[in-house]
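Numbering (this note's numbering), first residue to last: 295 to 373.
Have a look at the structure below, then the notes.
Structure follows, in structure tokens:
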């Protein structure tokens, strides 16, 4: 397997795990709100969800850079 394919595979694996974590965190926030749980617990899970969403957005931006057609264009976008 080429280096690029290995890198792409690792990134996709990470994104799939991150996506699962986002779904799980959103379900937990919704469950806590539905059960009228302690506001601290809801706030803590909402904070975790927000952090996961920010991480997901950053990774998506990075993927756009990775998928650019040439290294020269990619370097221009980064710097």
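Each residue gets a CB set at the ideal place from its N, CA and C atoms; glycine is no exception.
Judged by beta-carbon spacing, residue 339 lies beyond the 8 Å limit of residue 352, meaning their Cβ atoms are not closer than that value. Rounded to the nearest angstrom, the gap between the Cα atoms of residue 343 and residue 297 is 32 Å.
A straight-line Cα-Cα distance of about 32 Å links residue 328 and residue 307.
For the pair residue 326 and residue 349, the CB atoms are not nearer than the 8 Å cut-off. Residue 346 is a Cβ neighbour of residue 316, given a cutoff of 8 Å.
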